[in-house]
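Engineer: Protein chains in written order, with the numbering used here: chain W, 1 to 342; chain U, 1001 to 1342; chain F, 2001 to 2342; chain G, 3001 to 3342.
From the three backbone atoms N, C-alpha and C, an ideal C-beta is built for every residue, glycine too.
Number of protein chains: 4
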Amino acid sequence: MIIVMKKNATEAQIEHVIGWIESVGYTAHPSRGVERTIIGAIGDGRGQAQLKSVEHLSGVEKVVPILKPYKLASRETREGNSVIRIGDLAIGGPDFIVMAGPCTIESEEQLMESAYIVKKGGAHILRGGAYKPRTSPYSFQGMEEEGLKLLKQVRERTGLPVVTEVMNTTEVDLVEAHADILQIGARNVQNFALLKKVGQARKPVLLKRGMMTTIEELLMSAEYILSSGNDRVILCERGIRTFETATRNTLDLSAVPVLKQATHLPVIVDPSHAAGHWNYVIPLARAAVAVGADGLLIEVHPEPEKAVSDGAQSLKPEKFYQLMEDVRVLEKVMRNGIGAKP
Amino acid sequence: MIIVMKKNATEAQIEHVIGWIESVGYTAHPSRGVERTIIGAIGDGRGQAQLKSVEHLSGVEKVVPILKPYKLASRETREGNSVIRIGDLAIGGPDFIVMAGPCTIESEEQLMESAYIVKKGGAHILRGGAYKPRTSPYSFQGMEEEGLKLLKQVRERTGLPVVTEVMNTTEVDLVEAHADILQIGARNVQNFALLKKVGQARKPVLLKRGMMTTIEELLMSAEYILSSGNDRVILCERGIRTFETATRNTLDLSAVPVLKQATHLPVIVDPSHAAGHWNYVIPLARAAVAVGADGLLIEVHPEPEKAVSDGAQSLKPEKFYQLMEDVRVLEKVMRNGIGAKP
Amino acid sequence: MIIVMKKNATEAQIEHVIGWIESVGYTAHPSRGVERTIIGAIGDGRGQAQLKSVEHLSGVEKVVPILKPYKLASRETREGNSVIRIGDLAIGGPDFIVMAGPCTIESEEQLMESAYIVKKGGAHILRGGAYKPRTSPYSFQGMEEEGLKLLKQVRERTGLPVVTEVMNTTEVDLVEAHADILQIGARNVQNFALLKKVGQARKPVLLKRGMMTTIEELLMSAEYILSSGNDRVILCERGIRTFETATRNTLDLSAVPVLKQATHLPVIVDPSHAAGHWNYVIPLARAAVAVGADGLLIEVHPEPEKAVSDGAQSLKPEKFYQLMEDVRVLEKVMRNGIGAKP
Amino acid sequence: MIIVMKKNATEAQIEHVIGWIESVGYTAHPSRGVERTIIGAIGDGRGQAQLKSVEHLSGVEKVVPILKPYKLASRETREGNSVIRIGDLAIGGPDFIVMAGPCTIESEEQLMESAYIVKKGGAHILRGGAYKPRTSPYSFQGMEEEGLKLLKQVRERTGLPVVTEVMNTTEVDLVEAHADILQIGARNVQNFALLKKVGQARKPVLLKRGMMTTIEELLMSAEYILSSGNDRVILCERGIRTFETATRNTLDLSAVPVLKQATHLPVIVDPSHAAGHWNYVIPLARAAVAVGADGLLIEVHPEPEKAVSDGAQSLKPEKFYQLMEDVRVLEKVMRNGIGAKP
């Protein structure tokens, strides 16, 4: 933490700030410059929230935080990449992993057909929502426990691991009993009670960035899960909210190299929710491979025009097969040197 | 819902879209213009999510929603203003209501002192957090149940009603047993499980707008509570996230007249969280009165420089008394005609 | 400028950075902390752009700027408030100044009628656009020189000073010959050639914040004008672009106290462009008075439904008179103590 | 344009709106729905600005625009892709074009060295700024005319076409005499006087998206150039301003497929300005190829740590060569089928 003093701060004010910094357990390092004095406050970060209150002291202009607030998620803590294993699959390793399926589980037939498409396309994990976070209370809220059972059945019949969203602390155990990966949706990225609860689960967690969440806040949310005891966290960029309305959200592909530099956790990309229209999904999926992501989360539906939710952004089967072909070509190129250098 | 066809859409494509609209239970009203055909889809809104999938049909350019998705929260449903009564207080009526207190409950002394300041200043409701949504898992997470008990004690000793945040469905009953108003924080504004749960409570709910929630989404979140059976919802504007960093968030005071036109629910303003610095709180509080809000939510602390959280944005007692004086003067002016005309 | 070194930065890397900082004319002040070393670079700010390149050196994690980049606009440079005099009017002094009129000058009749309404309402300055920045090349681009002549005529007949926009360096002299205040529109706030040119004019400049401009950047644009020799700059908050679409832009009223603390220049507010709908203009205008602005810029039109541009946000005459009444009541209250204390 | 009436609008109000629509030269198509009446206003778009004023009429809830406001830039107007030829190069055709060079021209040596690196790396066009839009008036403003002369010299010696920014209408002729492509920078994207002026030039224009410009507004700015007579416009995505601060701006790669669908103009990507840090430039450049852009604009400097501006985001020569290698591999893959299918 750096405390910047006002230009006309008096010596007494500077001394008072130094005393105060030391009273909250930090060491003060003043640098007296030509225009003003700045004071470094060095310590272990525990009193950081309190340190911000130094703004109330006379002569203080502003407070600038310096240290990263996350630890377990940081590359500084752990060398190499975290690789999350689910059966034979390894997320965050050399393979590029595609999770695909319908937004919402609608029926056994729809889910089985989707699983068939996912498998035929060569994707690795089946996604499908049993509990659905819908903006409107009047929209279909998901098949809930019945949907979870279908997911488990289809998983057993096809051998595909499954990922599904959990929205409430009271449902974590149930979802954990049926799924291979627990998904935390964008709207719950700072539902801290839920983060702590999935931090106690023994299944990996797919943590989606909120549309309002900075990359640092996303890492802090991961830190909640990691510090609760679950070290298998997969991060997912899914678009942030901006002023642009041509797409539903703005896919922030820069987040991939930024995260890759900051953390050892795997990073996947969901272009379907970000784009909001199926016709932008394929180019964005290609870009996600090229930017260095570890995988994709894709919406595919046997008949998108009949989907109960998010039909507009779901791919038809043939488009999905094309996407998987493109991904395979690019993945091979990336593996053969591109992207491996830095 | 309006479906805009492409410029070169064929008659067969138009007919196909009309047939599809009718197959999902809507009536189609085509208008053939000079440049292109647009088709109105009129119905009861149930199939709206599905209707969006029409984008997959050939010849469709885009889909434009027309109707507001909220009903119970809308002025169209209910004439006049909803007035929420808490003991002798009425929120949303002619009186301007101020809720004030510390961000976090730290101790009995701190809470009692805060209550004393709140009462001396002439504010009406005591706020204080027992469960704290903190970005970092390493920050103090609140006194939890012990904090709730302190709140109840202070409430009994001072007669001040209390408002406090609830973060998890499993804690709603406990919080309801101790507080007069249940607060849903900005980060939980789309925690739909929690919204449904407080919708079953018998205490009023203070619903804060999320920092990336549109006004329409805020009303949809209110709709979750209202449609679950609790018709006592107070909305709170607390700043949205923008590119500007001089303040923590950007207080969107336009949201007050927009909400006042759209809904019958009361609207209060929290300038403390939006500003992030105590020295902007007083002018913004004055602006909130003048723009037509029903009340304020203010952070005040006996010694802000010792606060465990949000000290930088908390007012010292003497500044709080000044704010309350300003509010009283402006409230009187507003009552005597200004703002009463439209 | 603070250079934050990586956690594992070596002593040699630290020494190299120190040497580099000194090679570009700064003094280096290293503080060796528990977790990492930070190095303050202290100097006169000239080499600041170059200093940012230190990120290329090994062991550097990030660079944090500390000093404000503006000088002439800063309160640190000049005590008291700048008061801009235009005839008998003083902007930035104790009086609250209202500039009003139509978006676009359409005809002599329309401008005269508008001037009559502005005067009858008790506003002080007539606004009206002769050169119009329109998003579409197919929209009316303004009456140009003919509009300027009308403005001058009406000014002579009514005695009202006039403010009008200038969009191109080649038109600055002409506009200066006809108007009392030169307006720089939101889209030209970083048109640096134009800022330098109006910096050489002898008439005051009304500088609108861009919808993409931070408060600091706005002050840097003011600095362009001030450092070119024109010290009469009036700043104008007119809404920033955010994700919210209920209003055209989001009026950032927090910018008023932030600017009042940072600069000695007067600050006015344009609620018409921010809101985009006439029915939000009156409450936002009231809030602008209460938040401590020095004045308002308001769109009023004799018959808004016939306006060639921005009719939706223009007030009808009777609404404008109501606004002026509200402003007068609030201004009196503010003058009698509220807002005068800090 | 669709006019949505209020739920309780009377028949007389509906009739009045219909009459008014027809009085401004449009045809009215009312659809009377279950909940409310909507009225389509169909015409040639000229009166669109005026049509918005219908919001002042009683019973009107809101106005929803339907048609795209751009024509010449639209794919509906012109089949196939516009290919801009500069000597032997073709931008917007099958080749992927890289423009590279320093942010600012600093000296003959620096520019010659940069040109050597650009050529050695296999890029096609040299970029370099003679007129620099700097946020601060105290930063180096460019070598101006002397820089243009250096650019021309280096162009003659190396055979590389050159692109450079023009900031003022008065300098367009001079820049046109020295450069092969005129660049309009992000801050001037809505400097309409400048757009009209370069619309009269006979050299192609590289139009950068502003950091708060919507895709539709970017196309409207292109429309200014096209409708002024210059049909050689290259669009450039360079990052938009969002709440995320880990990168300088947020590169909106979705803009590439959105633009490719909306317009026939070529689209290139500038990852250097968007990222603001050199270490994110290579992955983002790879993503730009994979998403389907027509080219790249890259900052490279012989010694970035000595650059007078934007050193932090400039690549060192060896990194630039690596980027060019990656681009070549990906370009080949894209050409051989990927991305060619839709």
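Which class does Pro-1161 of chain U belong to by DSSP, given the choice of helix, strand or coil?
Structural biologist: The answer is coil: DSSP assigns Pro-1161 of chain U none of H, G, I, E or B.
Engineer: How should Pro-3342 of chain G be labelled, buried or exposed, when 16 other C-beta atoms within 10 angstroms of its C-beta is the threshold for buried?
Structural biologist: Model confidence at Pro-3342 of chain G stands at a pLDDT of 40, short of 50, so the residue's coordinates are unreliable and nothing is read from them.
Engineer: Output the residue ranges of the alpha helix (DSSP H) runs that lie fully inside the region 1171-1257 of chain U and measure 4 residues or longer, sorted by chain position.
Structural biologist: List check, alpha helix (DSSP H) in window: 1172-1178, 1192-1198 and 1215-1227.
Engineer: Strictly under 9 Å for the Cβ-Cβ distance: is Met-2212 of chain F near chain U by that measure?
Structural biologist: True, the Cβ-Cβ gap to chain U drops below 9 Å.
Engineer: Is it buried or exposed for Val-3034 of chain G, if we count other Cβ within 10 angstroms and need 16 for buried?
Structural biologist: The residue in question, Val-3034 of chain G, is exposed, as its Cβ has fewer than 16 Cβ neighbours within 10 Å.
Engineer: Relative to chain F, which residues along the region 1-28 of chain W have a C-beta separation below 7 Å, given in chain order?
Structural biologist: Here the close residues are Ile-2, Val-4 and Lys-7.
Engineer: Does any residue of chain W have a CB that is nearer than 9 Å to the CB of Ile-2105 of chain F?
Structural biologist: No, no contact with chain W.
Engineer: Helix or strand or just coil, what does DSSP make of His-29 of chain W?
Structural biologist: Correct three-state label for His-29 of chain W: strand.
Engineer: Taking the CB atoms as reference points, tell me whether Glu-2237 of chain F and Ala-2293 of chain F lie closer together than 9 Å.
Structural biologist: Cβ distance < 9 Å, so Glu-2237 of chain F and Ala-2293 of chain F count as in contact.
Engineer: What does the Cβ neighbour count give for Arg-2085 of chain F, buried or exposed, with the cut at 16 atoms within 10 Å?
Structural biologist: Under this definition Arg-2085 of chain F is an exposed residue.
Engineer: Using the Cβ count rule (16 or more neighbours within 10 Å means buried), how would you classify Ser-3272 of chain G?
Structural biologist: Ser-3272 of chain G comes out buried.
Engineer: When DSSP builds the beta bridges, which residues end up paired with Ile-2 of chain W?
Structural biologist: Its beta-bridge partners are W:Gly-40 and W:Val-64.
Engineer: Return the CA-CA distance between Phe-96 of chain W and Glu-331 of chain W, expressed in angstroms with no decimal places.
Structural biologist: Roughly 7 Å separates the two Cα atoms.
Engineer: If the criterion is Cβ atoms closer than 9 Å, does the pair Ser-1053 of chain U and Ala-312 of chain W meet it?
Structural biologist: Yes. Within cutoff.
Engineer: Do we get a CB-CB distance below 9 Å when we pair Leu-2253 of chain F with the residues of chain U?
Structural biologist: Yes, Leu-2253 of chain F lies at the interface with chain U (some Cβ there is under 9 Å from its Cβ).
Engineer: Have a look at W:Ile-105, W:Gly-80, W:Arg-328 and W:Gln-13 and flag the residue whose alpha-carbon is nearest the alpha-carbon of Lys-132 of chain W.
Structural biologist: Among W:Ile-105, W:Gly-80, W:Arg-328 and W:Gln-13, the Cα nearest to that of Lys-132 of chain W belongs to W:Ile-105.
Engineer: Taking the alpha helix (DSSP H) that Arg-3335 of chain G falls in, what are its first and last residues?
Structural biologist: Where Arg-3335 of chain G is concerned, the enclosing alpha helix (DSSP H) stretches over 3317-3335.
Engineer: Please identify, using Cβ separations under 8 Å, the residues of the region 2222-2252 of chain F that lie next to chain C, in order along the chain.
Structural biologist: In the displayed structure, chain C is absent; the protein chains listed are W, U, F and G.
Engineer: Going straight from the alpha carbon of His-1016 of chain U to that of Ile-2298 of chain F, what length do you get?
Structural biologist: Near 49 Å, if we compare the C-alpha coordinates of Ile-2298 of chain F and His-1016 of chain U.
Engineer: The beta strand (DSSP E) spanning Glu-3299 of chain G covers which residue range?
Structural biologist: Segment 3295-3299, the beta strand (DSSP E) holding Glu-3299 of chain G.
Engineer: Select from U:Leu-1218, U:Lys-1196 and U:Thr-1242 the residue whose C-alpha is nearest the C-alpha of Thr-214 of chain W.
Structural biologist: Ranking the options by Cα distance to Thr-214 of chain W, first place goes to U:Thr-1242.
Engineer: Only counting the same chain, and skipping five residues up and downstream in sequence, which positions put a Cβ closer than 8 Å to that of Pro-2161 of chain F?
Structural biologist: Once the five neighbours on either side are set aside, the close Cβ partners of Pro-2161 of chain F are Ile-2086, Gly-2087, Leu-2089, His-2124, Ile-2125, Leu-2126, Arg-2155, Asp-2180 and Ile-2181.
Engineer: So the candidates are W:Trp-278, W:Ile-3, W:Asp-173 and W:Gly-159; which of them puts its Cα closest to the Cα of Gly-40 of chain W?
Structural biologist: The candidate whose alpha carbon is nearest that of Gly-40 of chain W is W:Ile-3.
Engineer: Can you tell me whether Gly-1129 of chain U is helix, strand or coil according to DSSP?
Structural biologist: If DSSP states are grouped into helix, strand and coil, Gly-1129 of chain U belongs with the strands.
Engineer: May I ask you to report which of helix, strand or coil DSSP gives Leu-3148 of chain G?
Structural biologist: Correct three-state label for Leu-3148 of chain G: helix.
Engineer: For Gly-121 of chain W, which three-state DSSP category applies?
Structural biologist: Residue state, collapsed to three classes: helix.
Engineer: Within the same chain, show all residues whose beta-carbon is closer than 6 Å to that of Met-1143 of chain U, passing over the 5 residues directly before and after it, in chain order.
Structural biologist: Correct list, in chain order: Ile-1105 and Ala-1130.
Engineer: Verify whether the separation of the beta carbon atoms of Val-2118 of chain F and Gly-2101 of chain F is less than 9 Å.
Structural biologist: In this structure, Gly-2101 of chain F lies closer than 9 Å to Val-2118 of chain F by Cβ.
Engineer: How would you call Ser-2221 of chain F, buried or exposed, if buried means at least 16 neighbouring beta carbons within 10 angstroms?
Structural biologist: Ser-2221 of chain F comes out buried.
Engineer: Could you name the residues of the same chain whose beta carbon sits closer than 7 Å to that of Ala-3287 of chain G, not counting the 5 residues immediately before and after it, in chain order?
Structural biologist: Leu-3253.
Engineer: Please name the residue, chosen from U:His-1264, U:Ala-1290 and U:Val-1258, that lies closest to Thr-2275 of chain F on a Cα-to-Cα basis.
Structural biologist: Correcting the residue identity first, residue 2275 of chain F is Ala in this sequence and not Thr. Measuring from the Cα of Ala-2275 of chain F, the nearest candidate turns out to be U:Val-1258.
Engineer: Looking only at its chain, what residues have a beta carbon closer than 6 Å to the beta carbon of Ala-1009 of chain U, apart from the 5 residues adjacent to it on each side?
Structural biologist: Same-chain partners within the cutoff: Gly-1059.
Engineer: Using 9 Å as the limit for Cβ to Cβ distance, is Asp-3326 of chain G near chain W?
Structural biologist: Yes, Asp-3326 of chain G counts as interfacial toward chain W.
Engineer: I need the DSSP call for Thr-2077 of chain F, collapsed to helix, strand or coil.
Structural biologist: Residue state, collapsed to three classes: coil.
Engineer: Report all residues from its chain with a CB closer than 7 Å to the CB of Val-386 of chain W; omit the five preceding and five following residues, and keep chain order.
Structural biologist: Any property of residue 386 of chain W remains undetermined from this structure, which presents chain W solely from 1 to 342.
Engineer: To the nearest angstrom, how far is the alpha carbon of Ala-340 of chain W from that of Thr-263 of chain W?
Structural biologist: Any answer about Ala-340 of chain W is weak, because its pLDDT of 48 lies below 50 and its placement is not dependable; what the coordinates show is given next. Using only the alpha carbons, I get a separation of about 17 Å.
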